[in-house]
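Numbering (numbering that gives the first Met the number 0), first residue to last: 0 to 247.
For glycine and all other residues, C-beta sits at the position ideal for the given N, C-alpha and C.
Keep in mind it's a predicted model, so treat the numbers as computed, not measured.
Please read the structure below before turning to the comments.
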Amino acid sequence: MGRLNGKVAIITGAAMGMGASEAKLFAKEGAKVIATDVQLEPLNQVVKDINENGGEAVAIKHNVTSEEEWKFVIEEAVKLYGKVDVLVNNAGVSSPKTIANMEMDEWNKILDINLNGCVIGMKYVISEMKKAGGGSIINISSIGGLVGMAGTSPYTAAKGALRVLSKSAAVEYGKDKIRVNSLHPGIVVTPMTEPSMKDALPFYKTYTQLPYFGEPEDIAYGALFLASDESRFMTGSELVIDGGWTAL
Ligand SMILES: NC(=O)c1ccc[n+]([C@@H]2O[C@H](COP(=O)([O-])OP(=O)(O)OC[C@H]3O[C@@H](n4cnc5c(N)ncnc54)[C@H](O)[C@@H]3O)[C@@H](O)[C@H]2O)c1
Numbered sequence: 000m001g002r003l004n005g006k007v008a009i010i011t012g013a014a015m016g017m018g019a020s021e022a023k024l025f026a027k028e029g030a031k032v033i034a035t036d037v038q039l040e041p042l043n044q045v046v047k048d049i050n051e052n053g054g055e056a057v058a059i060k061h062n063v064t065s066e067e068e069w070k071f072v073i074e075e076a077v078k079l080y081g082k083v084d085v086l087v088n089n090a091g092v093s094s095p096k097t098i099a100n101m102e103m104d105e106w107n108k109i110l111d112i113n114l115n116g117c118v119i120g121m122k123y124v125i126s127e128m129k130k131a132g133g134g135s136i137i138n139i140s141s142i143g144g145l146v147g148m149a150g151t152s153p154y155t156a157a158k159g160a161l162r163v164l165s166k167s168a169a170v171e172y173g174k175d176k177i178r179v180n181s182l183h184p185g186i187v188v189t190p191m192t193e194p195s196m197k198d199a200l201p202f203y204k205t206y207t208q209l210p211y212f213g214e215p216e217d218i219a220y221g222a223l224f225l226a227s228d229e230s231r232f233m234t235g236s237e238l239v240i241d242g243g244w245t246a247l
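Here is the structure:
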């Protein structure tokens with residue numbers, strides 16, 4: 000018996016990194032997965048792997064900043080599987096910028112993907128979750144949504160806002176049995192962090208208390224817990240999986 004048997008889950012940014020890992024783990028645990036991403040080719044590969052290994056998933060090209068594309072994704076999920084139980088707002092991009100050297104276009108772009116993209120998804124999935132009698136929304140924030148970090152202000156602003164937005168949504172929709180939690184990864188080795196691993200390695204090592212960085216699966220297991228009924232009494236909370244970064 001899988002931990003997500005009978006559940007239908009939408010996962011954004013599922014072509015690589017944590018999103019791909021979440022898609023594979025959720026499918027292995029019995030969920031029907033709607034995997035979405037702007038990059039269709041690697042996304043198709045993830046979905047092919049799932050379907051060839053006994054799971055069930057579909058791939059949809061989807062830019063999370065597009066309201067029309069969000070509507071389409073949710074309509075497709077309902078058309079294919081009749082409901083949506085879980086949304087993982089995972090798609091995100093980093094921004095190596097300090098406040099004084101960033102252009103406002105950059106600020107808007109990062110907020111658009113990392114925050115507004117999640118807001119649109121929540122806006123449209125909540126009515127479907129109400130119809131299904133409840134659901135779980137997992138907003139992938141960051142340690143940057145909990146503590147300050149130099150050189151990545153638009154990113155931390157978006158991730159911090161996502162943390163409190165999750166709490167407000169939890170309060171608004173608790174009575175509908177819709178749970179909303181934020182998940183805060185520390186440094187995890189993915190295509191997002193690999194380019195910075197050389198220059199930022201001493202910084203990452205100073206703050207990560209364990210003598211290794213996270214792997215995508217470490218975060219996927221946290222998302223699995225939040226998606227499953229094992230976390231049925233958890234809402235408006237932060238799940239921090241950061242190798243001890245914020246323990247300092
Ligand atoms: N890797 C880390 O150390 C780390 C730490 C904390 C938080 N996070 C967060 O975890 C999430 C996943 O990060 P990751 O490291 O796996 O990243 P990644 O770069 O490996 O993967 C992100 C995926 O999101 C997709 N994406 C980007 N913009 C999109 C858009 N507009 N619409 C749809 N898809 C889009 C990309 O194509 C990619 O497949 C992100 O929200 C990130 O901010 C990552």
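Straight-line Cα distance separating residue j from residue i
i	j	result
K129	A99	43 Å
V170	N89	21 Å
E66	N4	29 Å
Q208	E75	43 Å
G18	S167	24 Å
N180	A160	13 Å
G116	I59	16 Å
S195	K27	31 Å
E155	K96	Looking at the sequence itself, residue 155 is Thr, so the reference to Glu does not match. Answer to the nearest angstrom: the Cα atoms are 11 Å apart.
E51	M191	27 Å
A199	L39	30 Å
For residue i, the first and last residue of its enclosing alpha helix (DSSP H)
i	result
I125	G116 to A131
L24	G16 to K27
Residues near residue i in its chain [Cβ-Cβ closer than 7 Å; skip 5 each side]
i	result
A157	I109, L110, N113 and L114
V77	V83 and E127
I49	A22, K23, A26, V32 and A56
G243	T207, Q208 and L209
Cβ distance (whole Å) where residue i is taken to contact residue j below 8 Å
i	j	result
E21	I73	Incorrect: roughly 18 Å between the Cβ atoms, too far for contact.
S165	A226	14 Å between Cβ atoms; not a contact.
S94	E105	6 Å
A222	I137	5 Å
E214	V188	6 Å
V63	G150	Wrong, their Cβ atoms sit about 24 Å apart, outside the cutoff.
Opening and closing residue of the beta strand (DSSP E) in which residue i lies
i	result
A34	K31 to D36
S135	G134 to I139
L209	Premise fails: L209 is in no beta strand (DSSP E) and is neither H nor E.
E55	E55 to K60
P153	Here P153 belongs to no beta strand (DSSP E); instead the alpha helix (DSSP H) covers S152 to Y172.
L3	No beta strand (DSSP E) contains L3, which DSSP labels as neither H nor E.
I177	I177 to P184
Cutoff 6 Å; reference residue i; Cβ partners in own chain excluding five residues on either side
i	result
L145	H183 and T245
D36	G12, A13, A14 and L42
H61	T35, E68 and V72
8 Å Cβ shell around residue i - same chain, five flanking residues per side excluded
i	result
S140	K158, G159, L161, R162, S165, S181, L182, H183 and E237
G29	M0, G1, R2, L3, N4, G5 and K6
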